[in-house]
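Single-structure report; data block below.
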Amino acid sequence: MPLLNELLDLSRLESGKQSYQFKTSAIEPVIDIAVSELQQLIYNKNIQIFIDINPPHIKACFDQDKIVHVLQNLISNAVRFSPSKSTISIQVDHLENDRDVSDIQISVMDQGIGVPENEHQMIFDKFFLSSRTRSGSGGIGLGLSICKQIIDDHGGLIWVESNPQQKGAVFKFILRASYERIVYCLSTNNNGG
């Protein structure tokens with residue numbers, strides 16, 4: 001059943017038939033919801049979650065349910081691929097640009113097996129499984145594709161980097177400061193802007 005639900009979700013997202021309820025809101029409660037719904041998984045591996053939001057009460061424009069879904073996917077992957085008794089950090093920062101617009105960047109950093117650099121672009125493709133996770137991960141390669149489509153529909157960006165401080169991966173995504181920024185980024189097909 002989960003496979004069917006993920007396929008249906010991705011199909012709706014890709015066809016543009018998924019509706020969004022964009023609202024400017026604080027990101028902290030959304031992170032709290034995502035983490036609390038994964039509490040048992042986190043507890044079972046004795047993993048500590050650190051959340052750093054700078055500045056506090058930072059806001060962006062997003063669909064809360066969809067961003068909870070993205071965060072749950074990224075956090076559950078981080079838990080699944082991290083060793084017991086490790087740490088996962090969730091960091092939120094303002095991004096200033098030349099137009100005095102403050103979009104936000106959210107990072108989920110783990111101490112797990114990481115993603116090989118030559119797979120950084122492909123990891124978001126449908127049904128792609130990293131060479132490090134093909135056996136025993138339990139994944140089917142749709143979760144990150146769904147995350148990418150949701151973030152694309154928000155006029156944002158999502159990518160993965162190697163964790164510079166230790167082994168593991170850092171998944172990052174950008175949310176726009178306002179609905180006008182979402183429309184601008186989508187209309188110019190410039191999610192970097």
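Sequential numbering from 1 applies to the sequence shown in full-length UniProt numbering. Glycine included, each C-beta is placed from N, C-alpha and C at the ideal position.
Which value, in whole angstroms, describes the spacing of the CA atoms of residue i and residue j?
{"i": "residue 46", "j": "residue 161", "result": "25 Å"}
{"i": "residue 91", "j": "residue 186", "result": "25 Å"}
{"i": "residue 87", "j": "residue 109", "result": "8 Å"}
{"i": "residue 136", "j": "residue 81", "result": "Confidence at residue 136 is low in this model, with a pLDDT of 49, below 50, so its placement is unreliable and the value that follows should be read with caution. Each residue's Cα considered, the two are about 10 Å apart."}
{"i": "residue 134", "j": "residue 44", "result": "Here residue 134 scores only 47 on pLDDT, less than 50, and its place in the model should not be relied on; the value that follows carries that caveat. Rounded to the nearest angstrom, the two C-alpha atoms are 22 Å apart."}
{"i": "residue 113", "j": "residue 26", "result": "31 Å"}
{"i": "residue 180", "j": "residue 19", "result": "17 Å"}
{"i": "residue 79", "j": "residue 182", "result": "30 Å"}
{"i": "residue 89", "j": "residue 95", "result": "18 Å"}
{"i": "residue 145", "j": "residue 123", "result": "8 Å"}
{"i": "residue 52", "j": "residue 174", "result": "16 Å"}
{"i": "residue 155", "j": "residue 63", "result": "12 Å"}
{"i": "residue 169", "j": "residue 143", "result": "16 Å"}
{"i": "residue 116", "j": "residue 37", "result": "29 Å"}
{"i": "residue 159", "j": "residue 152", "result": "11 Å"}
{"i": "residue 184", "j": "residue 157", "result": "14 Å"}
Within 10 Å of its beta-carbon, does residue i have 16 or more other beta-carbons around it, so buried, or fewer, so exposed?
{"i": "residue 148", "result": "buried"}
{"i": "residue 60", "result": "buried"}
{"i": "residue 198", "result": "Because the chain here runs from 1 to 193, residue 198 falls outside it and cannot be looked at."}
{"i": "residue 118", "result": "exposed"}
{"i": "residue 54", "result": "exposed"}
By Cβ distance, which residues of its chain are closer than 7 Å to residue i, with the 5 residues on each side in sequence left out?
{"i": "residue 34", "result": "68, 71, 72, 75"}
{"i": "residue 178", "result": "24, 61"}
{"i": "residue 31", "result": "51, 71, 90"}
Give the secondary structure of residue i by DSSP, where H, G and I count as helix, E and B as strand, and everything else as coil.
{"i": "residue 149", "result": "helix"}
{"i": "residue 177", "result": "coil"}
{"i": "residue 102", "result": "strand"}
{"i": "residue 63", "result": "coil"}
{"i": "residue 69", "result": "helix"}
{"i": "residue 163", "result": "coil"}
{"i": "residue 195", "result": "Outside the modelled stretch of the chain, which goes from 1 to 193, sits residue 195, for which no answer is possible."}
{"i": "residue 115", "result": "coil"}
Would you please state the rounded distance, in angstroms, between the beta carbons of residue i and residue j? I believe it to be under 8 Å.
{"i": "residue 106", "j": "residue 172", "result": "7 Å"}
{"i": "residue 150", "j": "residue 66", "result": "5 Å"}
{"i": "residue 58", "j": "residue 49", "result": "Actually they do not touch by this definition, with Cβ atoms about 18 Å apart."}
Which residues in the same chain as residue i place their Cβ atom closer than 8 Å to its Cβ, once the five residues preceding and following it in sequence are excluded?
{"i": "residue 167", "result": "111, 112, 113, 114"}
{"i": "residue 163", "result": "109, 110, 111, 114, 169, 170"}
Does any residue of chain E have a CB that is nearer than 8 Å to the CB of residue i?
{"i": "residue 88", "result": "Chain labels in this structure do not include chain E; a single protein chain is all it has."}
If you drop the 5 nearest sequence neighbours on each side, which residues of the same chain put their C-beta closer than 6 Å to that of residue i?
{"i": "residue 28", "result": "53"}
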